Amino acid sequence: MTFNKLSLGVVLLSASLLAGCASESSRSLEVAKVATYNTTYSGPKSAIAIGKFDNRSNYMNGIFF
Numbered sequence: 001m002t003f004n005k006l007s008l009g010v011v012l013l014s015a016s017l018l019a020g021c022a023s024e025s026s027r028s029l030e031v032a033k034v035a036t037y038n039t040t041y042s043g044p045k046s047a048i049a050i051g052k053f054d055n056r057s058n059y060m061n062g063i064f065f
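For the sequence shown, position 18 matches number 18 in the working numbering, and the numbering has no gaps at all.
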């Protein structure tokens, strides 16, 4: 009889310890904005060309002509 009470006590103690560890919290971090936020680009512009582009994947196939 004492073994059953002891095992029940161990199970209840283990369950209460595990339940006490299951806590979750979240918070947001403040992120500093960079100095160039919301400004237009004023550097040199250059034209680029992609020649003979071969899209071998099935994802979005046909979007590049």
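Glycine residues also receive a C-beta, built at the ideal position from the N, C-alpha and C atoms.
Keep in mind it's a predicted model, so treat the numbers as computed, not measured.
C-alpha distance - residue i paired with residue j, whole-angstrom precision
{"i": "Lys-33", "j": "Gly-43", "result": "21 Å"}
{"i": "Thr-39", "j": "Leu-29", "result": "24 Å"}
{"i": "Thr-2", "j": "Ala-19", "result": "25 Å"}
{"i": "Ala-35", "j": "Tyr-41", "result": "13 Å"}
{"i": "Gly-9", "j": "Tyr-59", "result": "58 Å"}
Which of helix, strand or coil DSSP assigns to residue i
{"i": "Thr-40", "result": "coil"}
{"i": "Val-10", "result": "helix"}
{"i": "Asn-4", "result": "helix"}
{"i": "Leu-17", "result": "helix"}
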